[in-house]
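A.B. asks: Please see the structure below; I have some questions.
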Amino acid sequence: MTDTTLAARGVALDLLRDVLRKSVPFDDAFDAHPDLAGLEPRDRGFVRVLVATVLRRLGQIDELIQTSLAKPGLPKAAIHDMLRLGVAQLVFLNTPPHAAVDTAVELAAQRNAAPYKGLINAVLRRIGREGATLAAQQDAGRLNTPDWMWLSWRTAYGTARARGIVEAHLHEAPLDFTAKNDPAPWAERLEAALLPTGTLRRTTSGSVPELPGFDEGAWWVQDLAAALPAKLFGDLRGKRVFDLCAAPGGKTAQLAAQGARVTALDRSAKRLERVTENLARLRLEAEVITADAAAWTPEEAADAVLLDAPCSATGAVRRHPDILRVKTPDDIAKLAKAQGRLLAHAVDLTKPGGTLIYCTCSIQPEEGEAQITRLLARDARVQRHPITPHELGGLTEILNPLGEVRSLPGMLADLGGIDGFFVSRLRRVGA
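Here you go:
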């Protein structure tokens, strides 16, 4: 066992603690860990995959641990997390048993938990023998989903569709790209499929900065669903567009590439730094402003407004499995109130005759359909402008009867799936 091997597991243990006990988003915890820079790229990649696997499969892992303990009850938190890392390696990552068990035991010794070495060794050796068989008998999708989420999705979409959502969450999402110009030539160069909406989809992994076209700014990473809203404005050449809550900037780039005069707004100056960096790499231009989109008052309204509202991101679990562990029903209620305020102000920022698009990467109806229903009931200045199947490349499965995009994990399985997303297009009709 090398020092770097043990160091990688130690970082993974810290990250698991930060997410599960401090509710720190995984990406934030990962970027902030002081020891990551000292690891080789391969070890950093292993840390990310290991922690993501634990977060994605937590219900299954905990049931396996409980089944393998000689006495009821779970060990204290740090030991529990060491076991979780070991089980993830043994059952889901095909790590050789001796490596998974030995590193867990050594990690216990390193973290002042030597009295638990015997317990860790016994539990993991048993799971090494029986874990795969036991895991095959589990209801994986349901076990890995918090009860409140399962109930909310079953209520909103029915049992069959909810089952499709939780089963889709068991698998990592493919890597999608948006090309700055014609995507067709990039399909071959990126070894990607060209999807009906123009998104490029790559099923093999790899370092994004090392892929063809990265340095020249030919494309950016953006999920199929996230790429839809900016496509729905029609011809934007020369038009003034506000991109509210713009970070990390994928939609800003789309709007700029379509020839719009874009103002990208976000309340986080730090997150806007990434927008600026992305625009520079892509050789695109936009005005970037740090401000609260619910209170910002420009000199004139815009021809088009895109509000990608802050949300629970429950539609992006395939990419961010920590969402399953850090979000609560209270978060949904708070976010819904903020979304209502943002949406009301976004109407004010849209010129009469202009287009407002509201979207979230949430599959909670409170953050999507309910927001539009309430807005239309209280504000006669806006009307729905239904989205058509033609605008979605014929992907009728993700279009609801009101002409809104409602994609769910589990849909478009033949194309490799899609994130959960809601998009509504509105027209400002009143002065």
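One point on numbering: in full-length UniProt numbering, the residue at position 160 of the sequence shown is 160, and numbering is uninterrupted.
Note that the Cβ used here is the ideal one computed from N, Cα and C, for glycine as well.
Just so we're clear, the structure is a prediction, and the values are computed from it rather than from any experiment.
Who are residue 308's beta bridge partners in DSSP?
C.D. replies: Working through the sequence shown from its first residue, we reach residue 308 at position 308. 359.
A.B. asks: Do residue 251 and residue 306 have their C-beta atoms closer together than 7 angstroms?
C.D. replies: Along the sequence shown, read from residue 1 onward, the residue named residue 251 stands at position 251. Along the sequence shown, read from residue 1 onward, the residue named residue 306 stands at position 306. The answer is yes: Cβ separation under 7 angstroms.
A.B. asks: On the DSSP bridge list, what partners appear for residue 458?
C.D. replies: Shown here, the chain extends from 1 to 431; a query on residue 458 therefore has no answer.
A.B. asks: Grab the span of the alpha helix (DSSP H) containing residue 207 for me, first residue to last.
C.D. replies: Within the sequence shown, the letter at position 207 stands for residue 207. Premise fails: residue 207 is in no alpha helix (DSSP H) and is neither H nor E.
A.B. asks: Excluding the 5 residues flanking residue 435 on each side, which residues of the same chain have their C-beta closer than 6 angstroms to its C-beta?
C.D. replies: The displayed coordinates of the chain run from 1 to 431. Any statement about residue 435 would go beyond what the structure contains.
A.B. asks: State the Cα-Cα distance for the pair residue 382 and residue 358, rounded to the nearest angstrom.
C.D. replies: To locate residue 382, count along the sequence shown from 1; it is residue 382. To locate residue 358, count along the sequence shown from 1; it is residue 358. Rounded to the nearest angstrom, the two C-alpha atoms are 12 angstroms apart.
A.B. asks: I need the boundaries of the alpha helix (DSSP H) containing residue 439, first residue and last residue.
C.D. replies: Here the chain covers residues 1 to 431 and nothing more, so residue 439 does not appear.
A.B. asks: Please return the same chain residues whose Cβ sits closer than 8 angstroms to the Cβ of residue 17, not counting the five positions on each side in sequence.
C.D. replies: The residue labelled residue 17 in the question sits at position 17 within the sequence shown. Within the same chain, residue 17 has close Cβ partners 77, 78, 81.
A.B. asks: Would you mind reading off the limits of the alpha helix (DSSP H) that contains residue 108?
C.D. replies: Counting from 1 along the sequence shown, the entry for residue 108 is found at position 108. Start and end: 97 to 110.
A.B. asks: In terms of DSSP beta bridges, what is residue 407 paired with?
C.D. replies: Locating residue 407 in the sequence shown gives position 407, counting from the first residue. Answer is 421, bridged to residue 407.
A.B. asks: How far does the alpha helix (DSSP H) with residue 155 in it extend, from its first residue to its last?
C.D. replies: Here residue 155 refers to the residue found at position 155 when the sequence shown is read from its first residue. It spans 147 to 157 - the alpha helix (DSSP H) in which residue 155 sits, taken as one unbroken run.
A.B. asks: According to the neighbour-count rule (16 or more other Cβ atoms, all chains shown, within 10 Å of its Cβ), is residue 206 buried or exposed?
C.D. replies: The sequence position of residue 206 within the sequence shown is 206, counting from 1. Residue 206 comes out exposed.
A.B. asks: What does DSSP give as the partner residue(s) for residue 261 in the beta ladder?
C.D. replies: For this step, residue 261 is matched to residue 261 along the sequence shown. DSSP output for residue 261 lists 240 as bridge partner(s).
A.B. asks: Quick one: is residue 377 near chain B, going by C-beta distance under 7 angstroms?
C.D. replies: As a matter of chain content, chain B is missing from the structure shown, which is built from one protein chain.
A.B. asks: What residue range is occupied by the uninterrupted beta strand (DSSP E) comprising residue 178?
C.D. replies: Indexing the sequence shown from 1 puts residue 178 at position 178. Its beta strand (DSSP E) spans residues 175 to 179.
A.B. asks: Measuring straight from C-alpha to C-alpha, what distance separates residue 191 and residue 185?
C.D. replies: Translated into positions along the sequence shown, residue 191 becomes position 191. Translated into positions along the sequence shown, residue 185 becomes position 185. About 11 angstroms.
A.B. asks: Return the Cβ separation of residue 51 and residue 325 in integer angstroms, given the expectation that the two are a contact with Cβ distance under 8 angstroms.
C.D. replies: Position 51 of the sequence shown, counting from 1, holds the residue named residue 51. Position 325 of the sequence shown, counting from 1, holds the residue named residue 325. No, residue 51 and residue 325 are not in contact; Cβ-Cβ is about 11 angstroms, not under 8 angstroms.
A.B. asks: Suppose contacts are defined by Cβ-Cβ distances below 7 angstroms. Is residue 409 in contact with residue 148 by that definition?
C.D. replies: The residue you call residue 409 lines up with position 409 of the sequence shown. The residue you call residue 148 lines up with position 148 of the sequence shown. Their beta carbons are not under 7 angstroms apart, which means residue 409 does not touch residue 148 by this criterion.
A.B. asks: Looking only at its own chain, which residues have a Cβ that is under 8 angstroms from the Cβ of residue 237, when we skip the five neighbours before and after it?
C.D. replies: Locating residue 237 in the sequence shown gives position 237, where the first residue counts as 1. Once the five neighbours on either side are set aside, the close Cβ partners of residue 237 are 258, 259, 260.
A.B. asks: I'd like the span of the beta strand (DSSP E) that includes residue 224, first residue to last.
C.D. replies: By one-based count along the sequence shown, residue 224 stands at place 224. Careful: residue 224 lies outside any beta strand (DSSP E) and carries neither H nor E.
A.B. asks: Between the alpha carbons of residue 103 and residue 319, how many angstroms are there, rounded?
C.D. replies: Your numbering for residue 103 matches position 103 in the sequence shown. Your numbering for residue 319 matches position 319 in the sequence shown. About 27 angstroms.
A.B. asks: Let's see if you can read the secondary structure: which residues bound the beta strand (DSSP E) around residue 382?
C.D. replies: As a position in the sequence shown, residue 382 is number 382, starting the count at 1. Taken as a continuous stretch (DSSP letters only), the beta strand (DSSP E) holding residue 382 covers 382 to 384.
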